[in-house]
Amino acid sequence: MIKNDSFLELFHLRDLDLSNNNISEIESNSFLSLKFLSSLKLRNNKLTVPCLERLTYLTAVNFLDISENIYVNYPHSLALMKNLKNLIIDVFEGFHFDRRFKTLSNLSSIVFNPRTKFLLHNNSFEGLVNSHITNLTLDFDQMVHGTIGIDFLRPFKFLARLKLDIGSSFNIIVVLRVLHSLRGRQLDYLDISGNYWDLIRNHHLTIKDIDNLLTMCVKGLNINNNIITSFPFLESFNTTFAHCLEELLISVNKINWNYKQFIGLLYYPALRYLDVSVPILTENSRAGGLEKNIHSKMQPRNKIGSIRTSMLQNRTSNVSVVGRSFPHAFNATLHGLQNLEYLDLSGNDLSAALYDNVIYKWDIPNLRVFKALNTKSVWCNYQVFFTSIYLSHLDMSGWNCEHFNPKFLQWLTELEHLNAANSGLGEYINSQNSKPFLNGDKMQYLDLSRNGIFRLHSRFFMDQKQSLKYLILNQNKFERIPHAITYVNNIILVDLSFNYFSYLDDSDRSLIDSFKNTTFDLSGNRFTCSCKYVDTFVWLKTKKNMKLPICLDGTDINNVLNHIRAFQLRCLSEFWLDFAVISLFFTLITILLVTIGYRNKSFVIYLCLMFRRKVKAINRETESMEFQYDAFISYCHLDFDWVTGPLFHHLSKELAFKVCIHEKDFIPGRPISEEILRCVDSSKKSIFVVTRNFLASEWSLFELDLARRHVFMTDSDTILIILKDDIPIHALPNLLKKIWWRTVCLKFPQTESAEELATFWTKLSEALKER
Numbered sequence: 001m002i003k004n005d006s007f008l009e010l011f012h013l014r015d016l017d018l019s020n021n022n023i024s025e026i027e028s029n030s031f032l033s034l035k036f037l038s039s040l041k042l043r044n045n046k047l048t049v050p051c052l053e054r055l056t057y058l059t060a061v062n063f064l065d066i067s068e069n070i071y072v073n074y075p076h077s078l079a080l081m082k083n084l085k086n087l088i089i090d091v092f093e094g095f096h097f098d099r100r101f102k103t104l105s106n107l108s109s110i111v112f113n114p115r116t117k118f119l120l121h122n123n124s125f126e127g128l129v130n131s132h133i134t135n136l137t138l139d140f141d142q143m144v145h146g147t148i149g150i151d152f153l154r155p156f157k158f159l160a161r162l163k164l165d166i167g168s169s170f171n172i173i174v175v176l177r178v179l180h181s182l183r184g185r186q187l188d189y190l191d192i193s194g195n196y197w198d199l200i201r202n203h204h205l206t207i208k209d210i211d212n213l214l215t216m217c218v219k220g221l222n223i224n225n226n227i228i229t230s231f232p233f234l235e236s237f238n239t240t241f242a243h244c245l246e247e248l249l250i251s252v253n254k255i256n257w258n259y260k261q262f263i264g265l266l267y268y269p270a271l272r273y274l275d276v277s278v279p280i281l282t283e284n285s286r287a288g289g290l291e292k293n294i295h296s297k298m299q300p301r302n303k304i305g306s307i308r309t310s311m312l313q314n315r316t317s318n319v320s321v322v323g324r325s326f327p328h329a330f331n332a333t334l335h336g337l338q339n340l341e342y343l344d345l346s347g348n349d350l351s352a353a354l355y356d357n358v359i360y361k362w363d364i365p366n367l368r369v370f371k372a373l374n375t376k377s378v379w380c381n382y383q384v385f386f387t388s389i390y391l392s393h394l395d396m397s398g399w400n401c402e403h404f405n406p407k408f409l410q411w412l413t414e415l416e417h418l419n420a421a422n423s424g425l426g427e428y429i430n431s432q433n434s435k436p437f438l439n440g441d442k443m444q445y446l447d448l449s450r451n452g453i454f455r456l457h458s459r460f461f462m463d464q465k466q467s468l469k470y471l472i473l474n475q476n477k478f479e480r481i482p483h484a485i486t487y488v489n490n491i492i493l494v495d496l497s498f499n500y501f502s503y504l505d506d507s508d509r510s511l512i513d514s515f516k517n518t519t520f521d522l523s524g525n526r527f528t529c530s531c532k533y534v535d536t537f538v539w540l541k542t543k544k545n546m547k548l549p550i551c552l553d554g555t556d557i558n559n560v561l562n563h564i565r566a567f568q569l570r571c572l573s574e575f576w577l578d579f580a581v582i583s584l585f586f587t588l589i590t591i592l593l594v595t596i597g598y599r600n601k602s603f604v605i606y607l608c609l610m611f612r613r614k615v616k617a618i619n620r621e622t623e624s625m626e627f628q629y630d631a632f633i634s635y636c637h638l639d640f641d642w643v644t645g646p647l648f649h650h651l652s653k654e655l656a657f658k659v660c661i662h663e664k665d666f667i668p669g670r671p672i673s674e675e676i677l678r679c680v681d682s683s684k685k686s687i688f689v690v691t692r693n694f695l696a697s698e699w700s701l702f703e704l705d706l707a708r709r710h711v712f713m714t715d716s717d718t719i720l721i722i723l724k725d726d727i728p729i730h731a732l733p734n735l736l737k738k739i740w741w742r743t744v745c746l747k748f749p750q751t752e753s754a755e756e757l758a759t760f761w762t763k764l765s766e767a768l769k770e771r
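Per the UniProt record's numbering, the sequence shown starts with residue 1, numbered consecutively.
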């Protein structure tokens, strides 16, 4: 409740907001002291007509908001506010601005808040006939019922801009009829978008339906979102409407752009802005007020249909049309729309309108902005092009430019903004040699995202090295920073997000460092966040103008950078741990090899000797050679007297064998190991005199092992063992045991019995005579 004394001390108050206070009562003299009040807001209370009559004293108010209250008619006090300029007020069933409100001659803006459903009669606004309302919005969607008076707009004599929405109750045809009271009038802008009530029924507008509109001089018309299938452009070209129209928005409809409608547009000489687009819809998208369930029922897109030869200026002889092509290729020029500056054809299918062997030139000299998102590829192959020297903005995203003709872009020397996202240019750009992609030095914004590009030629931006500021290359296939940007001097943003980067090498980092005031966007790239690339992360920590990638393993890269020192220490400890493990591994392998080699040193030496013999080509097959000796005797030097005495004498003198011993047969100056093998190869048999001295001599055992391995390798059986001392078998070393059980061994008799000695020499002679 507002009492009489509520504002007694505030007589200088100029702005008063009492909205949302649940006020239901105002005493008679509450506002008596507020003679200088210019703005009053009483929105969202519970005020009735008697309460509002208390506003009588507020003659200086020029702004009043009494919307969202419960009054059922308009108070007389409003008519007394002769200085009122701006009014926000409810409309409801039975509302009526009667003749009392003719006093509101200063009223220039009124906003209606529909509270309940209501009727619109011809006299609903009659009291506003003297109000200078130039901008009127009647957003009455779903609120008007019954029959609409076609002259209810007549009181608004000073209108310059009108938005009229009574959709969901009436369709666009009804809305066009209520323009009857505006016949012959001039409007700067008329918005009648979103007037539909039946999603199934299409509206084929005829010349009769737009009769009222044709008499009006409307500079801007928004007729979006009305389920219109046709508009009589050709039939209406010689009208006031056609000559005045400068801006036309007729997108989000179901128009089938046949040749009549297309030609008709060419005869709208003042047209500067034309939008016939069909937005690309997503699950959550809304366009022009239509909900997504409405879009799902509006599947057909605008189609600019067949353009017949009547609209073509043939530059050759007269030809006739056969199917979808002419018998002879030729060029065709489309004239009209000489003042057009903005054109949006997005979402339309132009392929059905064109003949296969015709190149179309559309003469639009003043065109500055051209949008053709997700249209067919008639532009890429240079089948249609504009002769506009001022074109600065081009949106060709969603094209299918598999067979791209670079001539389409090379004549656009004034381009400042090019959006070529998802346009199939990857194959052309990846295979480009040395030609620059674009001509002209005005380009500031270039979007080549989602094209499958993985390389840019170094001369790609040669003409734009001073102008290019924004380069969008996201969702391509780059693995390295393209060096083509090296020559771009004033670039502000390089967007390489969601590419194939896994790290940045030295050249990438150096290239980025060369740009001091440029932001590089690497977000969405999946980096390998491991110690292998620790230098990359140390470098990233120092970069301020960088949108960071993500880690392939899910690690928070910000956490890595915020704790970069700990990351470095961990990597350093991992390095030394790896180094220690690897060093230990190779040390163990070395020890193992040395141990094995030491235990098998004779075998190692033997392999070395055999390799040297191979190199010197002195190895011979024993089966095919003539033996120089019958026997080679190996013995311990402590047994020299017995070997060179009785044994050598008996074998060489009495048995006439040729015997080799090292004292007389080894060649001086040559390695002993090689001489052993030479004598073994040169002898039929190798005799080893085994004594206790022999077993105690490492060199004697080495000779025996060397000879054994050579016999094994040459697959021969030439070893004879003479066991001279009385040594039990179990006391023999393993080396002798291996030989003892596979070859003939002789024991020298321990007694001086002549019979035993004769038997020994006989067996030895027989063994030496065997092959």
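By construction, the Cβ of each residue, glycine as well, lies at the ideal position given by its N, Cα and C atoms.
Checklist line | Candidates S131, K117, K516: closest to L153 by CA position | finding: On the sequence shown, residue 153 is found 153 positions in, with the first residue counted as 1. Of the candidates S131, K117, K516, the one whose C-alpha sits nearest the C-alpha of L153 is S131.
Notebook entry, point to check: Which residue from N22, S19, E27 puts its Cα closest to that of F7?
Noted result: Translated into the one-based positions of the sequence shown, residue 7 becomes position 7. Minimum Cα distance to F7 is reached at E27.
Next item on the list: Write down the C-beta distance between L704 and F688 rounded to the nearest angstrom, noting that I regard them as a contact closer than 8 Å.
Entry: In the sequence shown, the residue the question calls residue 704 occupies position 704. In the sequence shown, the residue the question calls residue 688 occupies position 688. So it is a contact: roughly 5 Å between Cβ atoms.
Next item on the list: Leaving aside the five residues before and after residue 774 along the sequence, list all residues of the same chain whose C-beta is less than 7 Å from its C-beta, in chain order.
Entry: The structure shown has nothing for residue 774, since the chain only spans 1 to 771.
Check: Sorted by chain position, which residues of the same chain lie with C-beta nearer than 6 Å to E247's C-beta, five sequence neighbours on each side aside?
Finding: Here residue 247 refers to the residue found at position 247 of the sequence shown. If we look at E247 and ignore the five residues flanking it on each side, its Cβ neighbours are G220, Y273.
Notebook entry, point to check: Which residues mark the beginning and the end of the beta strand (DSSP E) in which I722 is found?
Noted result: Position 722 of the sequence shown, counted from the start, is the residue given in the question as residue 722. Per DSSP, I722 belongs to the beta strand (DSSP E) from 719-723.
Next item on the list: Pull up the distance between the alpha-carbon of G149 and that of V174, whole angstroms please.
Entry: Mapped onto the sequence shown, residue 149 falls at position 149. Mapped onto the sequence shown, residue 174 falls at position 174. Cα-Cα distance, rounded: 10 Å.
Next item on the list: Determine, using beta carbons only, whether G194 and D151 come nearer to each other than 9 Å.
Entry: As a first step, residue 194 is located in the sequence shown; it is residue number 194 there, counting from the start. As a first step, residue 151 is located in the sequence shown; it is residue number 151 there, counting from the start. Contact: no.
Check: Does the distance from the C-beta atom of D495 to that of N474 stay below 9 Å?
Finding: Against the sequence shown, residue 495 aligns to sequence position 495. Against the sequence shown, residue 474 aligns to sequence position 474. Against a cut-off of 9 Å, the Cβ pair of N474 and D495 comes out as a contact.
Next item on the list: Would you please verify whether the beta carbon of S38 is less than 9 Å from any beta carbon of chain D?
Entry: In the structure shown, chain D does not exist; there is a single protein chain.
Checklist line | I173, enclosing alpha helix (DSSP H) - first and last residue | finding: The sequence position of residue 173 within the sequence shown is 173, counting from 1. Element bounds for I173: 172-177.
Margin query: Would you say the beta carbon of L18 is closer than 8 Å to some non-hydrogen atom of the ligand GTP?
Written below: Judged by which ligands are present, the structure shown has none, so any question about the ligand GTP falls away.
Next item on the list: For L418, count neighbouring Cβ atoms within 10 angstroms of its own Cβ and tell me buried if that reaches 16, exposed if not.
Entry: Translated into the one-based positions of the sequence shown, residue 418 becomes position 418. Counting the other CB atoms within 10 Å of its CB gives L418 a total of 16 or more, which places it among the buried residues.
Checklist line | Burial state of L367, where buried means 16 or more other Cβ atoms lie within 10 Å | finding: What you label residue 367 is simply residue 367 of the sequence shown in a count that begins at 1. Buried, because 16 or more other Cβ atoms sit within 10 Å of the Cβ of L367.
Checklist line | Through-space distance from I110 to D17, alpha-carbon basis | finding: The sequence position of residue 17 within the sequence shown is 17, counting from 1. The sequence position of residue 110 within the sequence shown is 110, counting from 1. Cα-Cα distance, rounded: 18 Å.
Next item on the list: Work out the CA separation of V61 and M81 for me, nearest whole Å.
Entry: Walking along the sequence shown from the start, residue 81 turns up at place 81. Walking along the sequence shown from the start, residue 61 turns up at place 61. The straight-line gap from Cα to Cα measures roughly 7 Å.
Check: Measuring CB to CB, does L266 end up less than 9 Å from L162?
Finding: Counted from its first residue, the sequence shown places residue 266 at position 266. Counted from its first residue, the sequence shown places residue 162 at position 162. No, the pair does not count as a contact, with Cβ atoms beyond the cut-off.
Note to self: Can you confirm whether the region 226-237 touches the region 253-264 when touching is taken to mean that 3 or more C-beta pairs between the two stretches lie within less than 8 Å?
What the structure shows: yes
Next item on the list: Give every residue of the same chain whose Cβ lies closer than 8 Å to the Cβ of residue 804, excluding the five residues on either side of it in the sequence, and list them in chain order.
Entry: For residue 804 there is no data in the structure shown, the boundaries of the chain being 1 and 771.
Checklist line | Residues of its chain near N451, where Cβ-Cβ distance is below 8 Å and the 5 sequence neighbours each way are ignored | finding: Numbered from 1 along the sequence shown, position 451 holds the residue referred to as residue 451. Cβ-Cβ distances below 8 Å link N451 to A420, A421, N422, S423, G424, L425, G426, I429, N476 in the same chain, with the five nearest sequence neighbours on each side left out; the list follows chain order.
Item checked: N-terminal and C-terminal residue of the alpha helix (DSSP H) that S431 is part of -> Taking the sequence shown and counting its residues from 1, one reaches residue 431 at position 431. Run containing S431: none; DSSP gives neither H nor E here.
Notebook entry, point to check: Quick one: what's G220 bridged to in DSSP?
Noted result: If you number the sequence shown from 1, residue 220 lands on position 220. Beta-bridge pairing links G220 to E247.
Next item on the list: Tell me whether A631 sits in a helix, a strand or coil according to DSSP, three-state version.
Entry: For the purposes of this step, residue 631 is identified with residue 631 of the sequence shown, where counting begins at 1. Strand at A631.
Notebook entry, point to check: The beta strand (DSSP E) with R161 in it runs from where to where?
Noted result: For the purposes of this step, residue 161 is taken as residue 161 along the sequence shown, with counting starting at 1. First-last of the beta strand (DSSP E) with R161: 161-165.
Note to self: Rounding to the nearest angstrom, what Cα-Cα distance links K41 and L32 in this structure?
What the structure shows: Taking the first residue of the sequence shown as 1, we reach residue 41 at position 41. Taking the first residue of the sequence shown as 1, we reach residue 32 at position 32. Approximately 17 Å between the Cα atoms of the pair.
Next item on the list: In angstroms with no decimal places, state the Cα-to-Cα distance between F95 and N73.
Entry: Translated into the one-based positions of the sequence shown, residue 95 becomes position 95. Translated into the one-based positions of the sequence shown, residue 73 becomes position 73. Rounded to the nearest whole angstrom, the CA to CA distance from F95 to N73 is 6 Å.
Next item on the list: Put V551 into one of helix, strand or coil per three-state DSSP.
Entry: Numbered from its first residue, the sequence shown carries residue 551 at position 551. Checking the sequence shown, residue 551 turns out to be Cys, not Val. Reduced to three states, the DSSP call for C551 is strand.
Note to self: Taking the alpha carbon of F125 as the reference point, which residue from G146, E654, K157 has its own alpha carbon closest?
What the structure shows: Your numbering for residue 125 matches position 125 in the sequence shown. Nearest in C-alpha terms to F125, of all of G146, E654, K157, is K157.
Margin query: According to DSSP, is S109 part of a helix, a strand, or is it coil?
Written below: On the sequence shown, position 109 is the one that residue 109 refers to. Three-state result, S109: strand.
Item checked: Buried or exposed by the 16-neighbour rule on C-beta atoms within 10 Å, applied to S449 -> For the purposes of this step, residue 449 is identified with residue 449 of the sequence shown, where counting begins at 1. S449 comes out buried.
Item checked: the region 647-667 contacting the region 693-700, beta-carbon criterion three pairs below 8 Å -> Touching, no.
Note to self: I'd like the list of long-range same chain contacts for E756, defined as Cβ closer than 7 Å, with 5 residues on each side in sequence excluded.
What the structure shows: Position 756 of the sequence shown holds residue 756. Excluding residues within five positions, the ones whose Cβ falls inside 7 Å are P749.
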